[in-house]
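Student: One structure, pasted below without further comment.
Protein chains: 2
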Amino acid sequence: MTICREAVHHKPKSNYAYAFDETTVHVRLRTKHGDVDRCRLLHGDKFEWPESTELTPMERVHSDAHYDYWQLAVEPDNRRLCYAFLLETADEALWYTEWGFESRAENELPTAGTDRSLHYFEYPFLNPADVHEPPEWVSDAIFYQIFPERFANGDRELDPESVEAWGGRPTRESFFGGDLQGIIDNLDYLEDLGITALYLNPIFESSSNHKYNTADYRRIDPHFGDEETLRELVDAAHDRDIRVMLDAVFNHCGRQFAPFQDVVENGADSAYADWFHVHEFPIEFEPRPNYDTFGFEAYMPKLNTGNPEVKEYLFDVATYWIEEVGIDGWRLDVADEVDHQFWRELRREVKAVKPGAYILGEIWHDSRPWLRGDQFDAVMNYPFTYAVYDFLTNESIDGTEFADKISRFLVRYPEQVNQVLFNLLDSHDTPRLLHRCDGDKRSLRLALLLLFTYRGTPCLYYGDEVGMTGGDDPDCRQPMVWDRSEQDRELRAFVAELIELRSSLPALRGGTLRFVDEECHGDRVVYRRIADDGDEITVAINRGPDPVDVSLPTDARDRELLFQVGD
Amino acid sequence: MTICREAVHHKPKSNYAYAFDETTVHVRLRTKHGDVDRCRLLHGDKFEWPESTELTPMERVHSDAHYDYWQLAVEPDNRRLCYAFLLETADEALWYTEWGFESRAENELPTAGTDRSLHYFEYPFLNPADVHEPPEWVSDAIFYQIFPERFANGDRELDPESVEAWGGRPTRESFFGGDLQGIIDNLDYLEDLGITALYLNPIFESSSNHKYNTADYRRIDPHFGDEETLRELVDAAHDRDIRVMLDAVFNHCGRQFAPFQDVVENGADSAYADWFHVHEFPIEFEPRPNYDTFGFEAYMPKLNTGNPEVKEYLFDVATYWIEEVGIDGWRLDVADEVDHQFWRELRREVKAVKPGAYILGEIWHDSRPWLRGDQFDAVMNYPFTYAVYDFLTNESIDGTEFADKISRFLVRYPEQVNQVLFNLLDSHDTPRLLHRCDGDKRSLRLALLLLFTYRGTPCLYYGDEVGMTGGDDPDCRQPMVWDRSEQDRELRAFVAELIELRSSLPALRGGTLRFVDEECHGDRVVYRRIADDGDEITVAINRGPDPVDVSLPTDARDRELLFQVGD
């Protein structure tokens, strides 16, 4: 069998070759699964060729049903890299360059090399300005997502008129009186659980309970508190080393947003006529809005983020809350429907006032176009979420397929992005995890074990830790259960223990993840978390009802059972 | 045989799915060559699913040895697109989504669709700000590259002291006295040839004859003229509807550049210490420079384009010559070694003062990372150049392989980029085409025929049209042959005829290119240029010594022989 050319893939300046830091380039290669015995990288400086070249073995870091993925870290002497791949089987030696394939031996460089500057692959120059460096604190953080209207009511004077009694199942129109003071009042609870960062759903003035239809980006919703309350919350959180991330709804605003109201009133004559995408004036709401919206929601007019005035307004908002109140990041709502240029400029503005701010996009898909270092630090990792559902709750895939999916995800992004991906098992936009688990807390615990031992940054949705459940919106947004008699205290202790485990073990927060391929099948998945210093943790998961024997990696010498779910 | 999964490729927001204009998304798919009989795209609005969906056949637009490439233009009603591919053979129907493959029939949508927002592919929103719109004039232009020191001496008073007599073979240190007045004096010659745009190698003050080591970006080299001469040149060119593009050497400067001289003198104390990448102070030139350079050239210190002061300085330079003198574009030297952020900002600055300015990067490789609409309009198309050499001058590949290579290049970029790629057969950085052809003017003519009938923008290197030859630099930079008795006037007439042909036929300037696969083999290549209005031109090339019979496309009704090379 000759090597399958059609499966081979590499592309410079992508997730297949990127600047990991200011001195290191990561080079990856994809080949057909099981097809190639060995891959080596010929690399050097094109201005000192061939004297500077080396032929270095690449490591097979991941595999899935279709492909093997190889990786090598290279530190070029002069920050520029010229390279080719040598793929070998027992029968064949195949060079792969940008120009194509050549069957030649190790000591015969590809003829393409005679036009080296054209035909080899190149990482032309490692410019510091292009290095994607997400904030360091994020990979150590434990996030907790709060839907403010439903977390805790700390100030009854702010309650909306139609407030309902705490507890029970909300409709889409319910108000329960949750507010910022309620969060402040419960910071001890969160600190005790081990939380080190909060993600709050929108808190700016808005008529709805979810507040994704902003009326005023510069005013805290009066039912939640005011700027002073937010400042108190941020300060009190910071006192506990807890960071605070807010929700930036910049794709669209609310119908009450003053510039939109002005367009409703003045049509084409409005000074804000170009702040939106209006198809024709005057504005009409029925039967369908005659302006772009989120989905077809008339109450969420899409903002024209290509308009310099809109940009200036929103960038001011983004920096205002960082500079005035000290928040630590922005989660960007519907991030993939906004233009890239807007996000690039937002990043510059935000990082200029707070280099360590975390910029997190809400994108449910492969997000490579936003994760090149010029836009977001990370995205909400819903592909991980759904892979966990498929393996642990739907059981629609087995251990092999789960490892395949996750492996594919792990090579999608640069390593430094994998390190800060925002991993979650549920949110205000999904049914709760326990609902997905059909109430089975063993599955729930296994999913949580996966979350807290996976690469990236875990986020817990408020109340999951005490056994809250609920289907799709609005059911997943029930008021937090504070009555201890209604809380699952054992589950809470379990979550606290997982958080403690992660916090105490660098191998769970940094380093790499490798599946033990031969132990990923049927009901089981086994993977190793390997710290940069070599310290290693093996995680073995058995979703089935019966015990199974698992062969752990043979190089584990001083083994210690750190944690166990079930018997 | 089942469909080869490993060969199937698609990625949203790449050359496989991009905004072609403000209403159209181009969707492409790659499958294994000859593997799939039919591809269809299921597409619609995710907020009106499945009512809004259609299943539309894709066209197989290109093929190479490994793959078939399919394409479809879609105009989504609401500027957002949710989609999946249906691949079919006689034996198999296979759905392909972002989540993977599913063997299901046409009337059974993939199960992944139950989590549609996650599992289908998406082009989330077609934002006008993200549309890549290169200047319209470029695809109609005929460029002519001038190396100013060698084109014509129009003002003997400006000659360098060491000036040599016009003609003969230069060394790396030769000066022949070419200048801007020489270009002005010969605009009639260029207009008569059919040229509509000039690309000038660097003209700013510099000690070398090539002037890639800039001493002063704000001053025309005194041996070439002054700002007033440049203005005269640009005005005189514009009077003839000829545009002028200059060479921007922003990756590095020259040793005489004042800020660098300041660092040489004052070391770490210099106000310009951070304008370069100095490894340690004081500056040393031997045995190797202790600062980053182009290659290892001590006389070309690399600029720190991540430094805001450097950016401001260079952006001022870039806009100054547009605003003050009216130039129409910049060719960016060593563009791939400069950081992407610099180029993004440069684009904004340049387009703000002249939206129609052409921004052309010197990159010899696959240039996708620079051609997403945020950086360059196009790159110098050296891959095309070398494919032509391989087929017509080296004869190292046959017609099949040539068509394969070109097909691969044509799917690399969005169609609007293909439309303005800067196609060339030689330059100051390569041996001359006639040298490559070993003096064989039949090969030369076939190469020129290819150049002028290919997609994108052709550029002629000065003097090629009168039969100039020369090997690698400095030999390819000989003084222009003006003595008519030494000029190949027949060749010049041939080139003028080709230019006239291209200028008169929209199908050669716009539209698409399709190879006639069954007629691309051995010594021959046949391709069709198809205008948007359906008008069609077939180009048949036979590099061999003997006549061959070629089957033209059967749907050509009113055939007319437009042009012939040889008998």
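From first to last, the protein sequence lines are chains D and U.
Count the first sequence with the numbering used here and you get residues 202 to 768, in order.
Count the second sequence with the numbering used here and you get residues 202 to 768, in order.
Think of the CB as a built atom: it goes at the ideal place given N, C-alpha and C, for glycine as much as any other residue.
No experiment lies behind these values; they were computed from the predicted model shown.
(1) Quick one: does proline 251 (chain D) have its CB under 8 angstroms from some CB of chain U?
(2) Counting Cβ pairs, one atom from each stretch, are 3 or more of them under 8 angstroms apart for the stretch 543–557 of chain D and the stretch 590–601 of chain D?
(3) In chain D, which residues lie less than 7 angstroms from serine 304 (chain U) when you measure between Cβ atoms?
(4) Is any beta-carbon of chain D found at less than 8 angstroms from that of tyrosine 268 (chain U)?
(5) With distances taken Cα to Cα, identify the nearest neighbour of arginine 489 (chain D) among U:Asp360, U:Asn279, U:Trp271, U:Glu698.
(6) Could you tell me whether the Cβ atoms of valine 228 (chain U) and leucine 242 (chain U) are closer together than 8 angstroms?
(7) Look up cysteine 205 (chain D) in the DSSP assignment and give the residues it is bridged to.
(8) For the stretch 315–334 of chain D, enumerate the residues whose C-beta is nearer than 7 angstroms to any C-beta of chain U, in chain order.
(9) Threonine 506 (chain U) to asparagine 582 (chain U), Cα distance in whole Å?
(10) So aspartate 627 (chain U) contacts chain D; which residues on that side make the cut at Cβ distance below 7 angstroms?
(11) Determine the DSSP secondary structure at isoleucine 659 (chain D), reduced to helix, strand or coil.
(12) Can you round the beta-carbon distance between arginine 444 (chain D) and aspartate 529 (chain D) to whole angstroms, since I take them to be within the 8 angstroms contact cut?
(13) Provide the residue span of the beta strand (DSSP E) that contains alanine 220 (chain U), from first to last.
(14) At which residues does the alpha helix (DSSP H) containing phenylalanine 695 (chain U) begin and terminate?
(15) Does any residue of chain D bring its CB to less than 8 angstroms from the CB of glutamate 299 (chain U)?
(16) Compute the Euclidean distance between the alpha carbons of valine 518 (chain U) and arginine 549 (chain U), then round it to the nearest angstrom.
(17) In whole angstroms, give me the CA-to-CA distance for asparagine 308 (chain U) and phenylalanine 302 (chain U).
(18) So what does valine 228 (chain D) bridge to, in DSSP terms?
(19) Assuming glycine 650 (chain D) and leucine 692 (chain D) form a contact by the criterion Cβ under 8 angstroms, report the distance between their Cβ atoms to the nearest whole angstrom.
(20) Identify which residue in U:Gln620, U:Thr713, U:Asp673, U:Glu602 has its Cα closest to the Cα of glycine 720 (chain U).
(21) If you reduce the DSSP assignment to three classes, tell me which class aspartate 265 (chain D) lands in.
(22) If you measure from the beta carbon of glutamine 542 (chain D) to each beta carbon in chain U, is any gap under 8 angstroms?
(23) Taking any Cβ of chain U, which residues in the stretch 574–587 of chain D have a Cβ under 8 angstroms from it, in chain order?
(24) Do three or more CB pairs link the stretch 630–649 of chain D to the stretch 603–612 of chain D at distances below 8 angstroms?
(25) Below 8 angstroms, how does it come out for the stretch 661–670 of chain U and the stretch 347–358 of chain U: are there three or more Cβ pairs, yes or no?
(26) Taking the alpha-carbon positions, what's the leucine 572 (chain D) to aspartate 676 (chain U) distance?
(27) From serine 471 (chain U) to alanine 499 (chain D), what distance separates their C-alpha atoms?
(28) Residues in the same chain with beta-carbon distance under 6 angstroms from phenylalanine 322 (chain U), minus the five sequence neighbours each way, listed in chain order, please.
(29) Would you mind sorting valine 237 (chain U) into buried or exposed? The rule is 16 or more other CB atoms within 10 Å of its CB.
(30) Between U:Gly735, U:Arg715, U:Gly657, U:Pro680, which has its C-alpha nearest glycine 368 (chain U)'s C-alpha?
(31) Please look up how many angstroms separate the CB atoms of glutamine 542 (chain U) and alanine 330 (chain D), rounded, as I've assumed it's under 8 angstroms.
(32) Can you list, in chain order, the residues of the stretch 404–416 of chain D whose Cβ is nearer than 7 angstroms to any Cβ on chain U?
(33) Nearest to histidine 267 (chain U) by alpha carbon, out of U:Gly379, U:Glu207, U:Ala469, U:Cys638?
(34) Please report whether the beta-carbon of phenylalanine 248 (chain U) lies at a distance below 8 angstroms from any beta-carbon of chain D.
(35) What residue range is occupied by the uninterrupted alpha helix (DSSP H) comprising aspartate 417 (chain U)?
(36) Just verifying my parser: in three-state terms, what is the DSSP assignment at lysine 412 (chain D)?
Tutor: The structure says:
(1) Your numbering for residue 251 (chain D) matches position 50 in the first sequence. No - not a single Cβ of chain U is within 8 angstroms of the one on proline 251 (chain D).
(2) no
(3) Position 103 of the second sequence, counted from the start, is the residue given in the question as residue 304 (chain U). Here the premise fails: no neighbours, minimum Cβ distance about 14 angstroms.
(4) By 1-based counting over the second sequence, the position of residue 268 (chain U) is 67. Yes, tyrosine 268 (chain U) lies at the interface with chain D (some Cβ there is under 8 angstroms from its Cβ).
(5) Counting from 1 along the first sequence, the entry for residue 489 (chain D) is found at position 288. Ranking U:Asp360, U:Asn279, U:Trp271, U:Glu698 by Cα distance to arginine 489 (chain D) puts U:Asn279 first.
(6) Numbered from 1 along the second sequence, position 27 holds the residue referred to as residue 228 (chain U). Numbered from 1 along the second sequence, position 41 holds the residue referred to as residue 242 (chain U). Yes, the Cβ-Cβ distance between valine 228 (chain U) and leucine 242 (chain U) is below 8 angstroms.
(7) Locating residue 205 (chain D) in the first sequence gives position 4, where the first residue counts as 1. None; cysteine 205 (chain D) has no bridge partner.
(8) For the stretch 315–334 of chain D, residues whose beta-carbon sits nearer than 7 angstroms to a beta-carbon of chain U comprise Asp316, Ser318, Leu319, Glu323, Pro325, Phe326, Asn328, Pro329, Ala330, Asp331.
(9) Taking the first residue of the second sequence as 1, we reach residue 506 (chain U) at position 305. Taking the first residue of the second sequence as 1, we reach residue 582 (chain U) at position 381. Computed Cα separation, rounded: 25 angstroms.
(10) The residue you call residue 627 (chain U) lines up with position 426 of the second sequence. At a C-beta separation below 7 angstroms, aspartate 627 (chain U) has no neighbours in chain D, since its nearest C-beta there lies roughly 14 angstroms away.
(11) Here residue 659 (chain D) refers to the residue found at position 458 when the first sequence is read from its first residue. Residue 659 (chain D) is actually proline in this sequence, not isoleucine. Proline 659 (chain D): strand per DSSP, three-state reduction.
(12) For this step, residue 444 (chain D) is matched to residue 243 along the first sequence. For this step, residue 529 (chain D) is matched to residue 328 along the first sequence. Confirmed, about 4 angstroms.
(13) Translated into the one-based positions of the second sequence, residue 220 (chain U) becomes position 19. Secondary structure note for alanine 220 (chain U): its beta strand (DSSP E) is the uninterrupted segment 218–220.
(14) Counting from one through the second sequence, the residue named residue 695 (chain U) turns up at place 494. Residues 690–705.
(15) On the second sequence, position 98 is the one that residue 299 (chain U) refers to. Closer than 8 angstroms to some Cβ of chain D, the Cβ of glutamate 299 (chain U) qualifies, so yes.
(16) Translated into positions along the second sequence, residue 518 (chain U) becomes position 317. Translated into positions along the second sequence, residue 549 (chain U) becomes position 348. Spanning the two alpha carbons is a distance of roughly 14 angstroms.
(17) On the second sequence, position 107 is the one that residue 308 (chain U) refers to. On the second sequence, position 101 is the one that residue 302 (chain U) refers to. Computed Cα separation, rounded: 16 angstroms.
(18) For the purposes of this step, residue 228 (chain D) is taken as residue 27 along the first sequence, with counting starting at 1. Answer is D:Ala218, D:Leu273.
(19) Working through the first sequence from its first residue, we reach residue 650 (chain D) at position 449. Working through the first sequence from its first residue, we reach residue 692 (chain D) at position 491. Before going on, a small fix: residue 650 (chain D) reads as leucine here, not glycine. Not a contact, Cβ separation roughly 12 angstroms.
(20) Position 519 of the second sequence holds residue 720 (chain U). Here residue 720 (chain U) turns out to be glutamate, not glycine, going by the sequence shown. Here the closest residue by C-alpha is U:Glu602.
(21) Looking up residue 265 (chain D) in the first sequence gives position 64. Three-state result, aspartate 265 (chain D): coil.
(22) By one-based count along the first sequence, residue 542 (chain D) stands at place 341. Yes, its Cβ sits closer than 8 angstroms to a Cβ of chain U.
(23) Asp575, Tyr583, Pro584, Tyr587
(24) No, the stretch 630–649 of chain D does not touch the stretch 603–612 of chain D.
(25) yes
(26) The sequence position of residue 572 (chain D) within the first sequence is 371, counting from 1. The sequence position of residue 676 (chain U) within the second sequence is 475, counting from 1. Taking the straight line joining both Cα atoms gives about 45 angstroms.
(27) Position 270 of the second sequence, counted from the start, is the residue given in the question as residue 471 (chain U). Position 298 of the first sequence, counted from the start, is the residue given in the question as residue 499 (chain D). One C-alpha to the other measures close to 59 angstroms.
(28) One-based indexing of the second sequence puts residue 322 (chain U) at position 121. Counting only Cβ-Cβ distances below 6 angstroms, and skipping sequence neighbours, we find Pro213, Tyr284, Glu299.
(29) As a first step, residue 237 (chain U) must be located in the second sequence, where it is residue number 36. Buried, since its Cβ has 16 or more Cβ neighbours within 10 Å.
(30) In the second sequence, residue 368 (chain U) corresponds to position 167, counting from 1. Ranking the options by Cα distance to glycine 368 (chain U), first place goes to U:Pro680.
(31) Your numbering for residue 542 (chain U) matches position 341 in the second sequence. Your numbering for residue 330 (chain D) matches position 129 in the first sequence. Going by Cβ atoms, the distance from glutamine 542 (chain U) to alanine 330 (chain D) rounds to 5 angstroms, so yes, they are a contact pair.
(32) none
(33) Within the second sequence, residue 267 (chain U) is the residue found at index 66, counting from 1. Checking every option, the nearest Cα to that of histidine 267 (chain U) belongs to U:Glu207.
(34) Reading the second sequence from its first residue, position 47 is the one you call residue 248 (chain U). Output row for phenylalanine 248 (chain U): interface = yes.
(35) To locate residue 417 (chain U), count along the second sequence from 1; it is residue 216. That residue, aspartate 417 (chain U), is in no alpha helix (DSSP H); its beta strand (DSSP E) goes 415–421.
(36) Numbered from its first residue, the first sequence carries residue 412 (chain D) at position 211. Lysine 412 (chain D): coil per DSSP, three-state reduction.
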